[in-house]
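What follows is a set of notes on a single structure, which appears directly below.
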Amino acid sequence: MIGIVDYGMGNLLSVFNAVEMCGEDVIICESPDSLKDVERIILPGVGAFGDMMSNLKKSGLIPTLEQAVFNEKKPFLGICLGMQALARSSEEHDKCNGLGWLDADIIKLAPSDASLRIPHVGWNSLTFKKNSPLFKGLPLNPDFYFVHSFFMRCDHEKDVDAYCEYGGKVTAAVRKDNIFATQFHPEKSQEYGLKVLENFLEWTP
């Protein structure tokens, strides 16, 4: 059973449908109790970082999420804003603290090419680590769908699983222990996105 975290923000239905297309049973998790019986956890998200963190705190889900991820070692996938939540902080609007699961911070995109617009919206090709189990079976430089104005700057290069170019190198995916997260939207990235989801669902960290 796969649990998709519902904290009042996020594209839950499209993620739900994509996971179902991969042949897995899925539930929406709105309470701490609903997370206890799932085998894997997905945290989607769209919107503002501060609103997301406020909603997560109000939901009471954070302690149960941390128990599941760090003590029970359940595989975890963060998508878009759900990836950014894993950082220590974000400079979006007033500086706001994140979950702090990764040694990283969220900063605003600042492409060197002035013709590149913010937000970064649309398809972009990835460069991923050849040994990454999450990109297994994909061709080199596959295209994925992005919608974001901020990105994750990691302290440790080893945590970066993939990046794209957008007027400079932009972190597109991170992986550490049983945590995997993508800045792009696998649920909106057609065949390659479904393959990444399938890889996550089969992944044994």
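Per this note's numbering, the sequence shown runs over residues 1438 to 1642.
Glycine residues also receive a C-beta, built at the ideal position from the N, C-alpha and C atoms.
- Distance between glycine 1515 and phenylalanine 1621, taken at the CA atoms: about 10 Å.
- Membership of alanine 1618 in the beta strand (DSSP E) is indicated by the continuous run 1616-1619.
- For methionine 1589, the enclosing beta strand (DSSP E) stretches over residues 1587-1591.
- By the neighbour-count criterion, in which a residue is buried when 16 or more other Cβ atoms sit within 10 angstroms of its Cβ, alanine 1547 is exposed.
- A distance below 8 Å between beta-carbons, with the five flanking residues on each side excluded, links leucine 1553 to the following residues of its chain, in chain order: Tyr1603 and Gly1604.
- Per DSSP, glutamate 1529 lies in no beta strand (DSSP E) segment and is marked neither H nor E.
- Between phenylalanine 1486 and glutamate 1529 a beta carbon distance of about 4 Å is seen, short of the 8 Å cut, so the two are scored as contacting.
- Counting only runs of at least 4 residues, the stretch 1487-1549 fully encloses the following alpha helix (DSSP H) elements, listed from N- to C-terminal order: 1499-1503 and 1518-1521.
- Glycine 1445 places its beta carbon 9 Å or farther from that of proline 1469.
- A direct Cα-to-Cα measurement between leucine 1563 and glutamate 1467 gives close to 33 Å.
- By the neighbour-count definition (other C-beta atoms within 10 Å, threshold 16), proline 1576 is an exposed residue.
- For the pair valine 1452 and isoleucine 1464, the CB atoms are not nearer than the 9 Å cut-off.
- Where phenylalanine 1453 is concerned, the enclosing alpha helix (DSSP H) starts and stops at 1449-1458.
- Judged by beta-carbon spacing, proline 1481 lies within the 9 Å limit of glutamate 1624, meaning their Cβ atoms are closer than that value.
- Lysine 1632 carries a helical assignment under DSSP once its states are collapsed to helix, strand and coil.
- The beta-bridge partner set that DSSP reports for leucine 1563 consists of Cys1601.
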